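The UniProt record's numbering applies: residue 1 is where the sequence shown begins, and numbers increase by one.
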Amino acid sequence: MQQPSFSVSGAARQFSHAGSLQYETSSSYTFQQRTNMSQRDEVQKFEQGRIKVLQEERLHIQKKTFTKWMNSFLTKVRMEVDDLFVDLADGRKLLKLLEIISGEKLAKPNNGRMRVHKIENVNKSLAFLHTKVRLESIGAEDIVDGNPRLILGLIWTIILRFQIQEIEIQLDEENESSERKSAKDALLLWAQRKTHGYSGVEIKDFSGSWRTGLGFNALIHAHRPDIFDYNSLVGNKNIDNLNHAFDVANNELEIPSLLDAEDIDTSRPDEKSIMTYVASYYHTFARMKNEEKSGRRIAK
Numbered sequence: 001m002q003q004p005s006f007s008v009s010g011a012a013r014q015f016s017h018a019g020s021l022q023y024e025t026s027s028s029y030t031f032q033q034r035t036n037m038s039q040r041d042e043v044q045k046f047e048q049g050r051i052k053v054l055q056e057e058r059l060h061i062q063k064k065t066f067t068k069w070m071n072s073f074l075t076k077v078r079m080e081v082d083d084l085f086v087d088l089a090d091g092r093k094l095l096k097l098l099e100i101i102s103g104e105k106l107a108k109p110n111n112g113r114m115r116v117h118k119i120e121n122v123n124k125s126l127a128f129l130h131t132k133v134r135l136e137s138i139g140a141e142d143i144v145d146g147n148p149r150l151i152l153g154l155i156w157t158i159i160l161r162f163q164i165q166e167i168e169i170q171l172d173e174e175n176e177s178s179e180r181k182s183a184k185d186a187l188l189l190w191a192q193r194k195t196h197g198y199s200g201v202e203i204k205d206f207s208g209s210w211r212t213g214l215g216f217n218a219l220i221h222a223h224r225p226d227i228f229d230y231n232s233l234v235g236n237k238n239i240d241n242l243n244h245a246f247d248v249a250n251n252e253l254e255i256p257s258l259l260d261a262e263d264i265d266t267s268r269p270d271e272k273s274i275m276t277y278v279a280s281y282y283h284t285f286a287r288m289k290n291e292e293k294s295g296r297r298i299a300k
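Have a look at this one:
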């Protein structure tokens with residue numbers, strides 16, 4: 001009986017081929033792993049970069065809005081802020097802003113130009129604010145050194161305290177003893193009530209709800225329907241409606257144009273900037289209403 005032949009060289013070739021397949025498979029798997037990791041890293045870097053860009057854009061928009069807001073008060077005393085991160089360093093404009101917006105007399109600023117004098121002035125402002133709100137993680141040096149995020153945070157705190165916190169709206173307009181909304185919730189409720197029934201307007205927040213520009217126009221029309229025909233705006237481009245509202249508010253009602261239309265016609269407009277601007281509408285129309293009441297009382 002013939003024995004099956006066994007070739008050592010053939011077995012060696014088979015072993016070598018199997019080893020080669022195993023090595024190639026392993027190499028291919030390792031390469032794929034590295035490729036996947038590289039792709040994930042690239043996606044993560046892109047996302048982080050995009051987030052940083054969006055944050056920088058938001059800071060830029062807030063800087064513009066808050067600068068215009070400050071100047072709407074400082075122009076009354078012939079002062080002006082050009083660069084928010086630079087012009088508050090000596091503390092004098094900050095002190096003057098707080099005097100105007102609070103109606104209270106603050107300590108006189110030191111007119112010296114040394115760093116110690118600047119810190120002294122900013123500390124006077126912070127000391128006053130500490131009697132009104134709770135301030136954390138901010139010192140005079142942060143303002144003097146021009147820390148962007150902390151300066152924006154400080155101005156936003158001032159806006160909240162002196163422009164938004166004091167707003168109160170009754171839930172039941174017919175019942176004076178009904179529960180009241182205050183601050184941000186009250187401002188939102190006020191805007192919702194005033195724009196109710198206007199075509200193309202549904203105010204749900206202080207961001208995307210204002211993108212079309214119709215919300216701002218509806219607020220103006222609700223108080224001054226004599227100025228323009230609201231229905232003629234429906235269907236217009238967002239930019240056109242935004243610019244229309246900002247121009248009418250500025251020219252007819254003396255509400256400063258704090259916003260740029262291009263900054264609002266985006267997927268996620270800045271909430272703080274829109275709140276600041278809508279609060280300007282609220283205070284303007286509240287003042288008009290009080291003046292009308294005073295006029296009627298005098299007429300009697």
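Glycine included, each C-beta is placed from N, C-alpha and C at the ideal position. Since the model is a prediction, treat every value here as computed from it, not as a measurement.
Legend entry - CA-to-CA distance, K93 to N123, given in whole angstroms: 13 angstroms
Legend entry - For E56, the three-state DSSP class (helix, strand or coil): Helix, per DSSP.
Legend entry - Euclidean distance between Cα positions of K289 and M114: 47 angstroms
Inset, instruction - State the DSSP-derived secondary structure class of L21, mapped to helix, strand or coil. - result: Legend: pLDDT at L21 = 43, less than 50; position of this residue unreliable, value from coordinates given subsequently. Correct three-state label for L21: helix.
Inset, instruction - Pull up the distance between the alpha-carbon of V234 and that of A249, whole angstroms please. - result: 18 angstroms
Legend entry - Three-state class that DSSP yields for E179 in the structure shown: coil
Inset, instruction - For Q170, write down the residues that DSSP places opposite it in a beta bridge. - result: R180
Inset, instruction - Could you check the C-alpha separation between S232 and R193 for me, to the nearest Å? - result: 22 angstroms
Inset, instruction - Please check the pair I167 and A191, which I expect to be a contact at CB under 8 angstroms, by giving their CB distance rounded to whole angstroms. - result: In fact, because the Cβ distance is near 11 angstroms, the residues do not count as touching under 8 angstroms.
Legend entry - Complete alpha helix (DSSP H) runs within the UniProt domain "Calponin-homology (CH)" (60-163) (minimum length 4 residues, chain order): Taking only runs of at least 4 residues, the alpha helix (DSSP H) segments lying wholly in the UniProt domain "Calponin-homology (CH)" (60-163) are 84-87, 92-102, 115-130, 140-144 and 148-159.
Inset, instruction - Go through its chain and collect everything with a Cβ distance to V86's Cβ below 7 angstroms, but skip five positions before and after it. - result: G146
Inset, instruction - Indicate the three-state DSSP secondary structure (helix, strand or coil) for M288 in the structure shown. - result: helix
Inset, instruction - Indicate whether I119 and E141 have their beta-carbon atoms separated by less than 8 angstroms. - result: yes
Inset, instruction - Alpha carbon to alpha carbon, how far is R180 from L187? Give it in angstroms, no decimals. - result: 12 angstroms
Inset, instruction - Determine, using beta carbons only, whether A245 and G213 come nearer to each other than 8 angstroms. - result: yes
Inset, instruction - Could you pull out every residue in the same chain whose Cβ sits closer than 7 angstroms to the Cβ of I164, ignoring the five residues on either side in sequence? - result: A183, K184, L187, M275 and A279
Inset, instruction - Use the C-beta contact count for F285: other C-beta atoms within 10 angstroms, 16 or more gives buried, fewer gives exposed. - result: Label assigned to F285: buried.
Legend entry - Option in L189, I239 and V133 with minimal Cα separation from S173: Strictly speaking, residue 173 in this sequence is Glu, with Ser absent from that position. Cα-wise, what sits closest to E173 is L189.
Legend entry - Proximity winner among T67, I143, E99 and H223, relative to A89 (alpha-carbon distances): I143
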